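*Asks:* Just dropping this structure here.
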Amino acid sequence: MTYDEFYNYIEQFPKEVTNRDLETYLLALYNLTTQHKDNIFTATLCLELLKQAFTETPVLYNEKWTTIRTMPETDSMSAFDYTQAVILFQIAELHRMRGKELQDKQRYMRITSETGYDWYNFDAFSLLECGAQGLSDYIGKEETIPNDWHFLGDLLDLGRYYE
């Protein structure tokens with residue numbers, strides 16, 4: 000599957016599922032990805048997980064995640080662990096911003112979290128759409144998506160700050 004094809008699938012999500020609070024969405028995605036740890040990553044599996052996360056039961060927030068204050072480095076862990084770490088980082092960031100930055104009506108213009116990371120997208124649809132568009136722009140629309148869990152972590156990270 001190419002980056003452009005993947006983006007086109009993501010663009011259809013608003014017609015197929017109801018948007019969800021981003022923290023809740025990521026908690027559900029964490030639950031789903033954990034269940035697929037031993038699966039070979041494919042773009043098709045990724046799309047299935049991303050779509051299911053709109054309806055999947057989220058895991059409960061673990062207060063120890065609040066101590067996560069930096070984005071993981073891609074080369075410091077396995078591809079699957081990197082993706083899980085990106086999800087947990089974003090959950091922790093959003094949890095800290097509750098009742099503060101997330102209440103700002105101008106938040107889509109950019110918010111810098113207390114840990115210094117920029118955010119432009121605060122709902123699942125915009126995060127996924129911007130992440131998919133950003134990867135397509137950076138890597139190339141006609142390039143093939145690798146069968147590598149890093150892709151999902153990169154999609155979510157780029158979705159946080161790509162406009």
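Counting in my numbering, the sequence shown runs from 0 upward without gaps.
Virtual Cβ for every residue (Gly too), placed ideally from N, Cα, C.
Just so we're clear, the structure is a prediction, and the values are computed from it rather than from any experiment.
Measuring CB to CB, does residue 15 end up less than 8 Å from residue 31?
*Replies:* Taking 8 Å as the cut-off, the Cβ atoms of residue 15 and residue 31 do not count as close.
*Asks:* Rounded to the nearest angstrom, what separates residue 145 and residue 42 at their Cα positions?
*Replies:* For the pair residue 145 and residue 42, the Cα-to-Cα distance works out to about 8 Å.
*Asks:* How long is the line joining the alpha carbons of residue 69 and residue 76, rounded to whole angstroms?
*Replies:* So the two alpha carbons sit approximately 14 Å from each other.
*Asks:* May I ask which residues mark the beginning and end of the alpha helix (DSSP H) holding residue 92?
*Replies:* 78 to 96
*Asks:* Do you know whose CA, among 154, 25, 115, lies nearest residue 51's CA?
*Replies:* 25
*Asks:* So, with DSSP's three-state summary, where would you put residue 23?
*Replies:* helix
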